[in-house]
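As structure tokens, the structure follows; a few thoughts come after it.
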Amino acid sequence: MLHDLVLTAPLLILLFAALFTLVVDAFLPSSANRSFWGYFGAAASAASVLAAAGLWKFGGALEMHTTAFSHQLSMGPYSLFFIALTGICAMVTHLSSPKYMSEHGSGWGEYYALLHFAAFGMGAMVAAESLLTLFVGLEIMSMAIYVLVAIKRTSQASVEAGMKYFIMGSVASAFLLYGMAFLYGLSGSTGYLEISLALAKPGVNTLWLALAVLLTSAAFLFKVAAVPFHMWTPDAYEGAPTPITGLMSSAVKAAGFAALLKFLYACLGGPAMSSLHAQVPALFATIAVVTMTVGNLLALTQKSAKRTLAYSSIAHAGYLLLGCVAFVADPNLPGYQQPTGAVPFYLVGYAFASLAGFSALTVLGKGGEERTDEEQIIGLGRNYPFAGAVLALAMISLAGVPPTLGFFGKLQLARDVLGVEGGKYLPYIIILVLNSVVSAYYYLRITVWVYMRPEPKQTPEYIRETSLQWAMGIAAVGILLVGILPQRALQLGARGVASIRTPAALQSLRYELAKPGAQPVAQPVAQPVAQPLAKAAEAPAPVEAKPAAEN
Amino acid sequence: MDWNPSAFLPLIVGMPLLGGIINGLFGKRFSRQMVYFIANTAVLTSFLLAVMGFFALRQATVANPDAAFRTELFHWIAAGNYSFDMAFLLDPLSSVMIMVVTGVGFLVHLYSTTYMHEDPGYARYFAYLNLFIFSMLMLVLGKNLAMLFIGWEGVGACSYLLIGFWFKDMDKAEAGQKAFVVNRIGDIGFVVAIFLLLAYGNGSVDYDNLKMLFSDQVHTLAHAPTITLICLLLFVGAAGKSAQIPLYVWLPDAMAGPTPVSALIHAATMVTAGVYMIARLNFLFALSPHAMTVVMMVGALTAVMAASIGLVQNDIKKVLAYSTVSQLGYMFIAVGAGAFAAGVFHLFTHAFFKACLFLGAGAVIHAMHHEQDIRNMGGLRKKLPKVHATFLIACIAIAGLPPLAGFFSKDAILAETLAFHPETEKLEKYFEPGFERQAEAQVATEALSKGKTLGDIDKKDIDKKSAELKKDYIESIHGLGLFRKIAFGLGLMAALMTAFYMFRLYFMTFTGEYRGDKHTWDHAHDSPWPMASALIILAFLSVVGGWLGMPFHHGEWNKFFLWLEPVLSRGKELVHGHLEPAMEYGLMAGSTLVAALGVGLAWALYNGGTSDKAPQIAKASGPIYGLLLNKYWVDELYFAAIIKPLRAVSQLLFQLVDRFLVDALMVRGPGLILLGLSNVGRVVQNGEVQAYLVGLIVGVAALAWYFI
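These protein sequence lines map, in sequence, to chains A and B.
Taking our numbering, the leading residue of the first sequence gets 12, the next gets one more, and so forth.
Taking our numbering, the leading residue of the second sequence gets 164, the next gets one more, and so forth.
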């Protein structure tokens, strides 16, 4: 038990921070200034990130198993990587919130508590090793985000956005649950490991499997805002408070992709996908290019920077989905290359860039107004040079200009995808490059607004706040630091990806089985598991060899 | 001293960089004292470390003449089998260079603290100056050509920034631009040469590696023409940076910068980079007598041409600028003639007296409230005694009168130009396989064109052809001997003119009656101590600097040449010569006489300011005077022949390609299409959640249809 608690410390810190905030805030007088919750939340998120880093660093030395709570959660490198990433996103969001939220009349304690709950949910869904945990994590995150989007109760746009998001999200959750039911029916289990082992056996009904893949994928594609499940995105992004928009486009997106990849790779990957291998990669690639093209095209004619960035986030979802192709490709085909850390790395880059962009836009929310059009942004470079520079940097990084993170991310994605089936997806890569050319138009347009337009006579009012500046600073430093020294982040991401190929539970089960007299832990499905496990232990798949060598 | 200076070589280079960064970023908030304290301390530290390095190296060379200190900081680029390292090399040549750079650099910093006192861009100035020292140290202390090139471009950029320091004045900004553009032309040649050397050196342009590569007795790969090509391309680069014909035009304009900058960059250090580079690559240049001859002749012509322009100029800085071009020509005569040590020696002494002259001129300009025309000066001896004394010493030094510094270095150049000759047997042996391959190829081509097969080729034919090629080569080298005599003659002529125009400058500025307006005269005052002390130290060095290279029989008195011996040994092996003592003393006497004659002429014409005689002579010489005054119309020629056509072509390209093809057809067209598509897409996004749900269901249906 203690072992489980230590392992899940990064998540528990967030959970306790949420509960603490809720309880303590209830006893504060309603007139009290609640900005300190922003700092408290940032500190709690930072503690969670540090805990994750500590587990990454010392977990091996302490010989801890990486699964906790009866294989419901795994805290291997992959989970820790994304928990740290979402933790950093949450930290920046906390820091950029206080003044903005009180200006908009919603700076109450529950806002910060919900942020913690959202971060906790993200961690749980990334770490999930079974469908149920995945669903619970996803719902905890989603519920918190629905409320956060609608938290500006006096703003019609905000409430409407939250409502739309909630309705759409519920339908998506229904799809997900439906798909999971099919998987359970096919395998008799909800554990990733057990499902993958059960599906690998011959004689699985392909129709039901296809339906399961289809329904679960649709739900994930909804979460990451891929076309045609993207419709909620612009409204929700625009209506939500700007810090929350930042969180949605960074952490929610990262968590969604991380969970999707893990689900596809650990649960359905390899032989489990059986005959679907011919279709799934092509399907993902097609959705990817459609998504990026639609996102970029629609972004071209937007007038508000916030809405532009919403469409840009759809386009980036497209780029990332193309990266996912490497994860669903058939490993048995000749010319197969293992995916590297490209997608996690890209997510880091995109997270920092959009956090920087939205925290710089937060500056514009003075006096409860929420407008990010051309005339509000003009003159930002002169009147608030720091925010202007951060916004410009974010745009340059999103556009993928070389010295920044965005460029290396796209480069790695392209390399990864080109490794699949001997460069079959080269045309898709070309579409990606063309898309990023198109996207430069609207990113640079915002930069032009910041610096190169004649200023209006009266200077607009900005939110000027220390913690918001910290938020912008952290995001900007992230862009530059990882952009200049991409190798480290890339390695971490690659290690994370390598660690899900051999499901954490498998390692742990072996460990348990090796002990004399030990019972296999996954008792309900012990029977179907035991036999293939023995096979796996004798002849580990070629792809399994790598992480072992790296560790 | 038993310690290794390798560890602090990066420190020598890094200190000015640090100073430059600090002043560049935060200088505006510092007080002026703080700014110059940081800048001067940085350079002084480098200088002290350089001196320590020199002593350590001297210690080391006692035991092992080839000793040198090497530091490898990190691998910079490694691509394929190409590799460039951030590495430093302290050997006798670079140790001399860094002491000159940091030493003169420090004096100029010291001088600038007062000279620039009232300038609003104080911190910016010192930041640039520090960065210049950093780049120059990279240039001379680097261990490979890539490092040299970084420094080469760095000094170019700093030079550009400092020439255009007062960039609000359009002329000055344009002068900076001109310097930059002309330098780029030279850089093209230089870069191509580096690439060729990369190919030769198996992906490394490290000096040690190149030296090893080109030091064999027989070389299996080298072709004489290829080596000549590389050397000529390198010289194009050197001609750009060191202001030789035809790329010298930027240097006189570069005088638009602050005067201390002219002293440091455009007289003492940066412009000598080309000479340093050739001396550094002596092992390569010595292999190509043809390229060497080109270098020598270009140097000689530049020396005479620039000196002749200097005869009639009236701007105090312009005279010194042309004098610098002329003296650089001298250095190129030296390195072109194979007298590498003499070239570096002249670089060394020239740094002192020319810096002293420029700083003196700066002091005069400072005192005269930015008056630069010597026709409006005169009699300044009384007002500026310290400046006058140091200026006179430097004038004597540059004129080449014994026993001051210029005499020894100039004399060494002239003597060795005459005495040296390439070692043809060694060259012949070196290129032997090259000739054979060339002969083979030629014979084979001939045979094939006559319809024979390769099997029919007789080995004897090849041998014969090879012998023929070799004979042609040797003969062409012998034919080059005449050029040495011409270069010697031109050198003497330039020496005469140098002595004349320097003393013309001196007499018109410091003697006779004052000719400017009275107000300025009343306010003129002698230099304050930071300026004066820099002048005095440089004047002192102008006197004693030459004694390091006592010429007598090139014996052990000639400390300077002996010190450089290990670096230049390969060059000396291939090009050397011997002078009879009688001949040597005769040459010394001759060059002294020539210098004295020049001084005498100047005294006769200009003592006591101006006289009627000079205008009369000018009138009598007619068009020649006009030609010289207008600098041979070279700038105008370049404008008409190069700049105008280029501008026309670029205008055409701009209109046709950029405006029409790119802007209209390629950018606007697709842009409009994309925007149209975008507007169509917006219709779907109508804000109704029902429509969105329909989209969702349609999406799932599409997926299902695809799968099943």
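Using N, Cα and C, we set each Cβ at its ideal position, and we do this for glycine too.
All figures in this text were calculated on a predicted structure; none of them were measured in a lab.
Leucine 859 of chain B has its alpha-carbon roughly 8 Å from the corresponding atom of methionine 242 of chain A. Around the beta carbon of proline 40 of chain A, a 10 Å sphere encloses fewer than 16 other beta carbons of the protein chains shown; the residue is thus reported as exposed. Residue-level contact by beta carbon holds for alanine 865 of chain B and chain A, with a gap shorter than 9 Å. Put simply, of B/Leu577, B/Arg538 and B/Thr456 the residue whose alpha carbon is nearest the alpha carbon of alanine 504 of chain B is B/Leu577. For the pair phenylalanine 495 of chain B and serine 450 of chain A, the Cα-to-Cα distance works out to about 55 Å. Of the residues B/Trp692, B/Ala205 and B/Val399, the one whose Cα lies closest to the Cα of tyrosine 291 of chain B is B/Ala205. Scanning chain A for C-beta atoms nearer than 7 Å to the C-beta of serine 841 of chain B yields Leu308, Leu309, Leu311 and Thr312, reported in chain order. Per DSSP, serine 113 of chain A lies in no beta strand (DSSP E); the unbroken alpha helix (DSSP H) holding it starts and ends at 109-114.
Going by DSSP, aspartate 248 of chain B is part of the beta strand (DSSP E) stretching over 245-253. If one requires a minimum length of 3 residues, no beta strand (DSSP E) run lies completely within the segment 316-376 of chain A.
For histidine 584 of chain B, the enclosing beta strand (DSSP E) has its first and last residue at 583-585. Under the DSSP definition of a beta bridge, asparagine 307 of chain B partners with B/Asp369. Here the alpha carbon of arginine 45 of chain A sits roughly 26 Å from the alpha carbon of isoleucine 94 of chain A. Assignment of aspartate 798 of chain B by DSSP, reduced to helix, strand and coil, places it in the helix class. Collapsing the DSSP output to three states places threonine 415 of chain A in coil. Distance from alanine 562 of chain B to valine 762 of chain B at the Cβ level is roughly 6 Å; contact confirmed, criterion being Cβ atoms closer than 8 Å. In this chain, the alpha helix (DSSP H) harbouring histidine 513 of chain B covers 503-530. A contact is defined here as three or more CB-CB pairs under 8 Å, and the segment 394-411 of chain A meets this definition with respect to the segment 451-464 of chain A.
By the Cβ rule, the segment 151-161 of chain A counts as touching the segment 255-271 of chain A, because three or more pairs are nearer than 8 Å. For serine 315 of chain A against threonine 383 of chain A, the beta-carbon gap comes to about 5 Å, under 8 Å, which counts as contact. Residue range 738-740 is occupied by the beta strand (DSSP E) that includes glycine 740 of chain B.
Taking a C-beta distance under 9 Å as the contact criterion, phenylalanine 663 of chain B and leucine 792 of chain B do not qualify as a contact pair. Chain-order list of chain B residues neighbouring aspartate 246 of chain A: Gln848, Gly850, Val852 and Tyr855, by C-beta distance under 9 Å. Along the segment 157-186 of chain A, the positions whose C-beta sits under 8 Å from a C-beta of chain B are Met174, Lys175, Ile178, Met179, Val182, Ala183 and Phe186, read in chain order.
In this structure, the straight-line span from the alpha carbon of glycine 618 of chain B to that of isoleucine 390 of chain B is close to 32 Å. In this structure, the CA atom of glycine 306 of chain A is about 4 Å from the CA atom of alanine 326 of chain A.
With contacts defined as CB atoms closer than 9 Å, isoleucine 261 of chain B and serine 298 of chain B fail to qualify as a contacting pair. Contact between the segment 423-438 of chain B and the segment 309-319 of chain B is established, with three or more Cβ pairs separated by less than 8 Å. As for any alpha helix (DSSP H) of minimum length 4 sitting wholly inside the segment 200-286 of chain B, the runs are 255-278, ordered along the chain.
For secondary structure counted as the alpha helix (DSSP H) over 4 or more consecutive residues, the segment 523-609 of chain B holds these complete runs in sequence order: 543-546, 548-562 and 568-582.
Assigned with DSSP and collapsed to three states, threonine 256 of chain A falls in helix. At a cut-off of 9 Å between beta carbons, valine 305 of chain A contacts chain B.
Secondary structure of aspartate 478 of chain B (DSSP, three-state): strand. For glycine 832 of chain B, no CB of chain A lies under 9 Å from its own CB, so it is not counted at the interface with that chain.
In the three-state DSSP reduction, leucine 727 of chain B falls in the helix class (H, G or I).
Distance between aspartate 478 of chain B and glycine 420 of chain B, taken at the CA atoms: about 14 Å.
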